[in-house]
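Each residue of the sequence shown is one higher than the one before, starting from 74 at the first, in my numbering.
In this text, a Cβ means the ideal position worked out from N, Cα and C, and glycines have one as well.
All values derive from a computational prediction rather than experimental measurement.
Right, one structure below, let's go through it.
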Amino acid sequence: METGNRILSGMRPTGKLHLGNLHGALENWIDLQRNYECYYFVADWHALTSDYGDTGDIHGSRIDMVIDWLSVGLDPEKSTLFVQSSIKEHAELFVILSMITPLAWLERNPTYKEMKTELSEKDLSTFGFLGYPVLQAADIIMYKANGVPVGVDQLPHVELTREIARRFNFLYREIFPIPETLLTDFPKLLGIDGRKMSKSYENSIYISDRGDVLEKKVAAMFTDPQRMRRNDPGRPEICNVYTFHQIYSPGEDVDRIGVECRKAGIGCTDCKRQLSARIAETMKPVHDRRDYYLRHPEEVRAIIENGNARASRIARQTMEEVREAVRI
Ligand code: SF4
């Protein structure tokens with residue numbers, strides 16, 4: 074796919090990041106740093122759309138999330154890491170884009186309906202929740218991003234951003250490039266209970282998990298449900314533990330476990346023990362970096378302030394153009 078050089082993506086600070094976030098998004102972010110000018114932001118206003126009733130964790134989670142980002146290898150020399158709510162221009166652009174976005178575009182957003190069902194314990198019948206794709210559009214086009222790395226489930230959002238950007242360009246002036254999607258293809262890591270890995274299901278293995286916590290979680294992972302006894306042959310292709318091995322274990326181990334599982338040559342307890350050892354080994358440098366940043370929160374704050382300053386320069390410039398185009 075042809076894109077220019079600027080990438081933008083964000084994450085909501087709703088708690089610790091898990092291995093699904095790492096392999097589903099962050100690894101891709103790290104790769105993109107090599108060839109693109111990357112802007113990655115803490116989407117704290119977006120966290121408000123669903124957590125407006127209990128905002129206690131959002132502030133602390135912002136810094137925790139950036140520590141997770143840095144520990145997995147996001148490089149603040151290469152990427153601009155910033156906090157959405159520090160750049161007030163996002164709100165201004167959001168207001169302007171709200172004026173030109175037809176309600177029907179938002180109502181047909183599939184994630185809107187899906188999330189309302191998924192988070193049924195929260196009242197999401199709010200203007201902010203319906204309108205969050207407009208805020209997302211403002212986040213993206215503010216930086217004139219050419220590419221947005223997303224998973225398949227977020228494709229409709231980027232499509233909506235493209236439509237909003239086109240509409241702005243048509244109504245006022247050609248200011249915004251139409252961003253392309255950079256589709257992230259990744260293995261589906263399920264939570265320890267076999268459902269989608271999600272903080273709200275309390276089934277996640279977190280990036281920060283280690284030692285006993287990690288071992289206990291891996292030991293509790295659901296496996297092939299047909300493998301009731303040690304002597305039953307298993308089906309690694311449908312086993313979540315095996316999917317994890319494919320990421321964390323060397324190829325020859327993955328092949329061996331696959332063969333042994335099918336003929337009941339290895340038990341699930343053993344298989345899981347090997348997996349938690351592999352995860353611990355792979356994540357060791359991540360945990361070391363995490364410990365470093367936990368000991369040096371002032372460095373993390375400085376990284377965020379630098380990122381905010383860089384992002385702010387671009388946002389101010391864009392808004393000058395926008396105000397001129399809209400004549401307001
Ligand atoms: S041996 Fe491993 S791959 Fe096979 S079912 Fe058990 S946990 Fe899954």
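Are at least three pairs of beta-carbons, each pair with one atom in the region 296–306 and one in the region 220–234, less than 8 Å apart? no
Contact set for residue 209: own chain, Cβ-Cβ below 7 Å, skip 5 residues either direction: 230, 234
In chain order, what residues of the same chain have a beta carbon less than 7 Å from the beta carbon of residue 372, not counting five sequence neighbours either side? 366
Apart from the five residues on each side of it in sequence, which residues of its chain come closer than 8 Å, Cβ to Cβ, to residue 139? 115, 154, 373, 376, 377
What I want to know is whether the C-beta of residue 314 ends up closer than 6 Å to one or more non-hydrogen atoms of ligand 1. yes
Should residue 369 go down as buried or exposed, given a rule of 16 or more other Cβ atoms within 10 Å for buried? exposed
For residue 230, the three-state DSSP class (helix, strand or coil): helix
So, helix, strand or coil for residue 270, using DSSP? coil
Compare the C-alpha of residue 276 against each of 91, 188, 79, 86 and name the closest. 91
Helix, strand or coil for residue 76? Go by DSSP, reduced to three states. Summary for residue 76: the model assigns pLDDT 47, below 50, so the residue's position carries little reliability, and this model does not support an answer.
Backbone secondary structure at residue 91 - three-state DSSP: strand
Rounded to whole angstroms, what's the CA-CA distance from residue 322 to residue 301? Just pull it up for me. 25 Å
For residue 78, which residues from the same chain have a beta carbon less than 7 Å from its beta carbon, with the 5 sequence-adjacent residues on both sides left out? 109, 110, 219
Is residue 297 near ligand 1 - that is, is its Cβ less than 6 Å away from at least one heavy atom of it? yes
Same chain only: Cβ atoms within 6 Å of residue 141, ignoring 5 sequence neighbours per side: 90, 280
Expected contact under 8 Å - CB spacing of residue 381 and residue 149 to nearest Å: The Cβ separation is near 12 Å, so there is no contact.
Drop a sphere of 10 angstroms on the beta-carbon of residue 364, count the other beta-carbons inside from all chains shown, and report buried for 16 or more, exposed for fewer. exposed
contact_flag[the region 197–207, the region 240–248] where n(CB pairs < 8 Å) is 3 or more: no
Sorted by chain position, which residues of the same chain lie with C-beta nearer than 7 Å to residue 120's C-beta, five sequence neighbours on each side aside? 85, 86, 87, 131
Close Cβ partners of residue 74 (< 6 Å) along its chain, the five nearest in sequence each way excluded: Only weak support is given to the placement of residue 74: the predicted model assigns it a pLDDT of 41, under 50, and the question is left unresolved by the model.
What's the C-alpha gap between residue 288 and residue 268? 19 Å
Cα-Cα, which of 167, 106, 137 is closest to residue 118? 167
DSSP on residue 365, reduced to helix/strand/coil? helix
Ignore the nearest five residues each way along the sequence and tell me which others in residue 249's own chain have a CB closer than 7 Å to its CB. 214, 217, 238, 241, 242
Look at the alpha carbon of residue 134 and the alpha carbon of residue 127, and state the distance between them as a whole number of angstroms. 13 Å
Where the alpha helix (DSSP H) containing residue 371 begins and where it ends: 370–399
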